[in-house]
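Number of protein chains: 8
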Amino acid sequence: MNPEVLGALLAQVRDGTVSPDEAVVALRDLPFADLGDARVDHHRALRQGFPEAVYGPGKTAEQCSRIVGELLERGNGPVLLTRSTPEQTKAALAAHPSGTATGTTVVWRKAPTARREPVLVITAGTADGPVAEECAVVLDAFGVNVQRVTDVGVAGLHRIVPHLDDLANATVVVVVAGMEGALASVVGGLTAAPVVAVPTSVGYGAALEGVTALLAMLTSCASGITVVGIDNGFGAACAVLRLLGPSA
Amino acid sequence: MNPEVLGALLAQVRDGTVSPDEAVVALRDLPFADLGDARVDHHRALRQGFPEAVYGPGKTAEQCSRIVGELLERGNGPVLLTRSTPEQTKAALAAHPSGTATGTTVVWRKAPTARREPVLVITAGTADGPVAEECAVVLDAFGVNVQRVTDVGVAGLHRIVPHLDDLANATVVVVVAGMEGALASVVGGLTAAPVVAVPTSVGYGAALEGVTALLAMLTSCASGITVVGIDNGFGAACAVLRLLGPSA
Amino acid sequence: MNPEVLGALLAQVRDGTVSPDEAVVALRDLPFADLGDARVDHHRALRQGFPEAVYGPGKTAEQCSRIVGELLERGNGPVLLTRSTPEQTKAALAAHPSGTATGTTVVWRKAPTARREPVLVITAGTADGPVAEECAVVLDAFGVNVQRVTDVGVAGLHRIVPHLDDLANATVVVVVAGMEGALASVVGGLTAAPVVAVPTSVGYGAALEGVTALLAMLTSCASGITVVGIDNGFGAACAVLRLLGPSA
Amino acid sequence: MNPEVLGALLAQVRDGTVSPDEAVVALRDLPFADLGDARVDHHRALRQGFPEAVYGPGKTAEQCSRIVGELLERGNGPVLLTRSTPEQTKAALAAHPSGTATGTTVVWRKAPTARREPVLVITAGTADGPVAEECAVVLDAFGVNVQRVTDVGVAGLHRIVPHLDDLANATVVVVVAGMEGALASVVGGLTAAPVVAVPTSVGYGAALEGVTALLAMLTSCASGITVVGIDNGFGAACAVLRLLGPSA
Amino acid sequence: MNPEVLGALLAQVRDGTVSPDEAVVALRDLPFADLGDARVDHHRALRQGFPEAVYGPGKTAEQCSRIVGELLERGNGPVLLTRSTPEQTKAALAAHPSGTATGTTVVWRKAPTARREPVLVITAGTADGPVAEECAVVLDAFGVNVQRVTDVGVAGLHRIVPHLDDLANATVVVVVAGMEGALASVVGGLTAAPVVAVPTSVGYGAALEGVTALLAMLTSCASGITVVGIDNGFGAACAVLRLLGPSA
Amino acid sequence: MNPEVLGALLAQVRDGTVSPDEAVVALRDLPFADLGDARVDHHRALRQGFPEAVYGPGKTAEQCSRIVGELLERGNGPVLLTRSTPEQTKAALAAHPSGTATGTTVVWRKAPTARREPVLVITAGTADGPVAEECAVVLDAFGVNVQRVTDVGVAGLHRIVPHLDDLANATVVVVVAGMEGALASVVGGLTAAPVVAVPTSVGYGAALEGVTALLAMLTSCASGITVVGIDNGFGAACAVLRLLGPSA
Amino acid sequence: MNPEVLGALLAQVRDGTVSPDEAVVALRDLPFADLGDARVDHHRALRQGFPEAVYGPGKTAEQCSRIVGELLERGNGPVLLTRSTPEQTKAALAAHPSGTATGTTVVWRKAPTARREPVLVITAGTADGPVAEECAVVLDAFGVNVQRVTDVGVAGLHRIVPHLDDLANATVVVVVAGMEGALASVVGGLTAAPVVAVPTSVGYGAALEGVTALLAMLTSCASGITVVGIDNGFGAACAVLRLLGPSA
Amino acid sequence: MNPEVLGALLAQVRDGTVSPDEAVVALRDLPFADLGDARVDHHRALRQGFPEAVYGPGKTAEQCSRIVGELLERGNGPVLLTRSTPEQTKAALAAHPSGTATGTTVVWRKAPTARREPVLVITAGTADGPVAEECAVVLDAFGVNVQRVTDVGVAGLHRIVPHLDDLANATVVVVVAGMEGALASVVGGLTAAPVVAVPTSVGYGAALEGVTALLAMLTSCASGITVVGIDNGFGAACAVLRLLGPSA
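Residue numbers (the working numbering), protein chains in the order written: chain A, 7 to 254; chain B, 7 to 254; chain C, 7 to 254; chain D, 7 to 254; chain E, 7 to 254; chain F, 7 to 254; chain G, 7 to 254; chain H, 7 to 254.
This is the structure:
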């Protein structure tokens, strides 16, 4: 209930068209989200620059398609379908043909790219690509200027040198790395920008499906690195959108 | 080597006062950090708003005291001694009496508090206090406007309600919670601001000394939350300083 | 051996038709379960309101079908086949057509819904649905009045508000949640009713196939929450049936 | 805000002594907990039969003592101090001499024992005693009729036989066991009552400080057992109080 | 080199037909296994009553078949192919038709059943059957008198009562159980015979693919239980064969 | 109730001095352990060659001393106090001076050493000594002929060679090893006797306080090795006593 | 930039054909790897005897084929494709038919076998073969004299005896073992040569997919053993190539 | 038995002073280590350049002192006492005053430093110092030319640049790092020399007492790195001594 609605109700009480008792009932049943303007502002803020996203796993292709439709009707910002299976993608694009699929992410109503300073999305190896791409596609959908830097694992440190200026100038840096995840520490020492580290399940054996990279990033000797869950490119993108704020 | 130094060297080569061979030797031995102006800028950026901090564990009281002295001489920003034992604190304050100790953190040359919009540091329970305080003291040392919200664990959800506007208006929110760490998810759903979650080792048994809270925060159903290591209040403060940027 | 049988045997001893030695042999071979009336009552109690259930995994379709038949013959309460594969379901329903399949659970002789106050089964996300449904179907089979509340994950806390009265009035609340499992803590703080938490394997990476939710629920800051195993909707239903008692 | 207060406010609006705008402000700032009578009832319910408890760890003796004082003033039910150190206990009893300390729990204003049917608290070995005692003392503080059954580990199964009737008649059974925690499964098969299992950190080596017992209880072959965290006797007592309900 | 061979060599040295230097060379090259009669005896002992077994995984069907053939030629005791795939089984039986396949084990030249006192192989649930059967088939191949007791999980303790005498009289008891593995503790308290516990990967979620049962068995409150690896029915059988000795 | 007592009761029924109803009550209350002669035999068997042992941890010195006294009075075999603290040992020996303390084990009424063939207790390193000694002292208390072989870790394989005959002739071999526990595998390949492996918490870092040795022993490439819990020398001794049987 | 290039640039500055400012720009943009001759030598060293290898997983068959082509063009040493799928192998060999596939490794331009002293690659069991073969094929590609010793698991210690001289004479020994990995400890005690241990995921249950072997090798009682990741035959080969040095 | 002894024995047989039967007995009882010259050579090789070291933990000060004395008498190379407590160090130096204590390592008869090319021992942070020093002291005892490079953690990558030539020229590089252990990967990419990585238990929380660094080093993206156990500076030194060979 936004303040106007609340004011209107109170005016009705004042005018006697609604009794105090009836108003008590009405107010008690109001959803939390409508308690007052702070919450509405807050909700508006949450919606600004934040994904209206459908998480594919566990839903039928038909469900995905229908929810995408509802989101497209409800707002006017970007709409995403994430971790989509080929069947889900196919069904959703058949029903809503204006979308574009990249990897397992489908985007409708991509915002125009508006930011000057780029967000760097850096990968340690080619196998980290799909997770980085999930992150980049979501950022791209919200008009963020994304710069991809690929395959700069720390075993070939010279490969990161051409990007030293990019690191120094970036608004935010997302580091996507599996195996031992050391790239996050190295990057953290080369930039004062916020660093969001995404461990990936790339590697085998002692890589423990991403747990090793996760732990390594959490214990990085470079201060101030923050970490999201394993393979969570979407989560990293949301963290960046939070950083960039509603005017992003 | 900043460009001026590099230019001077090259000018000496041009003028014949330094031979090309001598210059080759000089250049090859230059520390990486002085390769060019980008790096200098970058390093200046790193120094701006970033802690000159001494990590206490594993150092003697005398070592702590001496390094603090060197940092105080070298720059003019805040200097910190973290995870300091009572002995280290005593020795460091005896040698450099202008500092102030809070918990296990000692701060010299605290910057004046300059920011308008506050950074919220929220704790789930009183036992999470020391970790939150480590974070707050570091932020405070850099002039960040810190607002502490304490003891709003999700089992008493009504306690967070008076802070809904604070959450909506915060620049950044740091959530410090042990046990099951659920507060991070709840806060993540109530603000569009960046959320840095700090798991603590508070709890026993299945809390696994912070691992449970860590895992829970990493798998939060609220998108875009980022996480630092267990009990790492200092790391969370550094992450916030990265977010706020050099003009912080 | 119930008291009557035991008494009869003793009477035979007294009457001399059975010698003391023969009685010793007979008594020694009596199954434990028949030692006395307490045990019989106890077993009757166990049968009252408790599932006669066949656990599908590791059994052939024919075995499932046959055991269901035996249970149908033996008693007159509900009979269940759980974690049933499509083949098992098909075979069992072909042999005993009066059953009804929901998800991977098949129910025969569902009891009429008799309770006034509902048991709430709450899920954090749509992906938790199948586990919650397993719980709800089992409760339903025993005539329990089940109220499903879906998709009230803590990242959208306002969605739980319309159900505050339901929570306050519920006899028991079952919370089904994967990922970080925070919903259990939030619900635990909103009701004084018994809360049975079911961690699910929903999530990926650091969700560790349900272990994260499990640990989080076990360390909940809301006191008095109890937990069953990962994905164990059936176990949660049994726990509820124990709570409701034989008159349930 | 209870309905009367809300009604009064609305009446003031109706009467013109409070303007609708002023009422909007007042309502928006109302704490969540006062939204309406449902919540008040709910909170009253939470207070009924639920511990007003102070968790000792991380608090000074003075803090413990002061909070106990506040709780004693605020209500009229039992007040508890849990996991109390000798110093905390001493200080709290000095300030509030009417309390009684048992193990690490201190109780003030114990309720008279009123229930007929007992709650069984069963331990596998003597080393599990302190955890069981924490549970029993809390229950006792709320007037619950507690029956202690000790040292009936499954390696000596005959020791549980004299308690078969007790198990059959119990309202609730709390099973406290470390090492392999098998007692929970055995008890679960001998009673239809709710079973709350408490794993303890008793044992060494592969007992993994209670994790083994925890996992074993969660995977019990006896259906419908619920589990609380390791060594969490207080949590088990709270779970029982939820089960017994406000009229407990 | 058995003593006769060694004596013959030394005799040749004594007789001068072999020079000391030549003997040094000959002795140095002797395989360890032939060092003296102790070792030969020992090896003979190892072969007595011990499986000549081919472990299927990682071998081609042709390899399995060929090695089985070699073992059949080399000795005259039982020969086994374990963890055999259908293809391996088919190929091996085609080449050596006298064998018999049970589950994933194939046996050739089964010894006649000669022992009087039986070895009990007890399972907690039907799903533990295949592991128990692997154990029983191997024992059976060596003429051990195996008595199978199935489905006596501790949740239905009365089901074990008819077997109390069997437990008391058994030479050895093998307990095969998944989930929480509590049956091992119960059995350990009911017999003074050696108990070999086999944890199985039966169960899901917190059963952790057998790790829970393994840990529970290792921390059993019943003294003197020994444990083999998860699902290792073959290993349990070998342990029993060691216990029964060469005259088994 | 042994058969004589049962027979006497039945005779009383026959004679009319006890009514059938009274007998029903008496029989129903009989402890499980007295149900019949099988059980009595079984219990007698359990007592034969099995430790009457008091586990020290968690008991007061006075409790230990008192229970030892009760056990000394109750039977006439060996009595043990295990994992005894110096205080417990001192108190128990003061009260019952005939005992002998070795490490943390105290033994009263040691049986005369009667067996011919020895049980080998082998340690990998000197640090494994206390665990091995716990095992040896318990065996010794029951008159078992124990032969200690120390410090034969697999890194110096030649040290085991002088003991090849001992291994071949041993009735049972107990292998006590920490770190990587490889000695169990090597010994398992050198003897056909039963091998009981005891992992110890010797080592640091990746030894994970005994978990590494435990896992290694459970996955030994030598078939038929059985394992007890970490540092469980007492458990290994009990396993050996089970193997040797009541006539041990 | 090697010294000549750097000297030439400086000479141009001296000669006035390049201004100091232009030189600053040129130097700043130089890739790290070209900073001076040490680095160039270093890189040359790295290329000498080090694999130009393409890691197959996550790449398309076309990508593999193309990168192999580039590597073949770029240098003149061996080129490898590792962990190649059948599709990748087929495509790469179709495009570059001079290669040879062994297991999942494809080699082009194998160097002639030039070393006298062999590198031993020892396996514990046949199932460890593929990992050992990956190591051997890579070594072979670089002209290393590889000697394979197979199937010498420690349960049959006599099988290693014929290879004692080989162990004593080997330049390096690679030990490949799954299950409990004890072979590494045994070999470490039999040779003074460097030992590189490769844990494999061979085994099931408590072998934990290679973690048990890994931990066991890391805690080996034989000093100076080094370990690579689970199943990492390629990594072991690279470690050996580092040991043998550029003249290898 | 070396060949001469064996030859002498055989000569005695030939001469008739020893009968073949007596020789059989003598040979069978020979320790493995004396089987022939290959083994003697091998053992001589093992002794060359390999530590005669006493591991302190679990030994009394007197035991340490006595074994050190025996080793000093037995050979003429360096003798070490490792992980020595102050008491052990004091006692050993009192008895054998020629030794020198560094940290927890005591060295007697240090070899003269003879090698030209240094072994680099690199640490990530000051807290890793004790582990690195243990390694360096052991190497130093054997005359290895050790070059210490300290405090070059990857967060300040420029600090490693002055050491690029050292890395390129090193015979072997030992990398000692805790926390996320990323330095091993960076170093591995900067040198073609063998890299032995030592994870340390430095760090807290998610550093998991060294497990994170261990896992990270094992999954390094730099090929050919080998790893020793957590905090195992002694083991790393032994690995280096193996690499350098007997002529080291």
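Every residue gets a Cβ at the ideal spot worked out from N, C-alpha and C, and that includes glycine.
- Taking C-beta separations shorter than 6 angstroms and ignoring five residues to either side along the sequence, the partners of S90 of chain H in its chain run G62, T110 and V112, following chain order.
- Using beta-carbon distances, A133 of chain E does not count as an interface residue toward chain H, since no partner is under 8 angstroms.
- Residues P124, L126, Q153 and V155 of the same chain have their beta carbon placed closer than 8 angstroms to that of D172 of chain F, with the five preceding and five following residues left out of the count.
- Cβ contact annotation for Y210 of chain B (same chain, cutoff 7 angstroms, sequence separation greater than five): none.
- If one requires a minimum length of 4 residues, the alpha helix (DSSP H) runs lying completely within the segment 116-164 of chain G are 135-147, in chain order.
- Among the residues of the segment 208-235 of chain D, those with a Cβ less than 8 angstroms away from any Cβ of chain F are V208, Y210, G211, A212 and A213, in the order of the chain.
- For the segment 63-76 of chain G, the beta-carbon criterion of a distance under 9 angstroms to any beta-carbon of chain A is satisfied by P63, G64, K65 and Q69.
- For V202 of chain A, the chain B residues whose C-beta falls within less than 7 angstroms of its own C-beta are T232, listed in chain order.
- If you compare the alpha carbons of C:A212, C:V180, C:S191 and C:G230 with that of D237 of chain C, the shortest gap goes to C:V180.
- For L87 of chain G, the enclosing beta strand (DSSP E) begins and ends at V85 to T88.
- Per DSSP, reduced to three states, the secondary structure at I236 of chain G is coil, with no helix or strand assignment.
- By the neighbour-count criterion, in which 16 or more other beta carbons inside 10 Å mark a residue as buried, G230 of chain A falls on the buried side.
- Taking 8 angstroms as the threshold, the shortest C-beta distance from G187 of chain F to chain E does not fall below it.
- If you draw a straight line from the Cα of A17 of chain C to the Cα of R115 of chain E, it comes to about 57 angstroms.
- Per the C-alpha coordinates, the member of G:R165, G:E215 and G:S104 positioned closest to A130 of chain G is G:R165.
- In this structure T225 of chain A touches G235 of chain B by the C-beta definition: roughly 6 angstroms separates them, less than 8 angstroms.
- Residues are counted here when their Cβ sits less than 7 angstroms from a Cβ of chain B; for the segment 151-166 of chain C these are G159, V160, A161, G162 and L163, given in chain order.
- Bridge partners of A107 of chain A according to DSSP: A:V112.
- In the structure shown, A59 of chain E adopts extended strand secondary structure according to DSSP, grouped into three states.
- Residue environment for G135 of chain E: buried (at least 16 other C-beta atoms within 10 angstroms of its C-beta).
- Under a criterion of Cβ atoms nearer than 9 angstroms, the residues of chain A adjacent to G194 of chain H are, in order, V160 and A161.
- In this structure, the CA atom of E140 of chain A is about 8 angstroms from the CA atom of T88 of chain A.
- A Cβ-Cβ distance of about 5 angstroms is found for the pair F148 of chain F and A117 of chain F, placing them in contact under the 8 angstroms criterion.
- Listed along chain B, the residues sitting closer than 8 angstroms to D237 of chain D by beta-carbon distance are Y210 and G211.
- Following the DSSP letters along the chain, one finds A183 of chain A inside the beta strand (DSSP E) bounded by residues V178 to A183.
- Taking C-beta separations shorter than 7 angstroms and ignoring five residues to either side along the sequence, the partners of S207 of chain G in its chain run G184, E215, G216, I236 and D237, following chain order.
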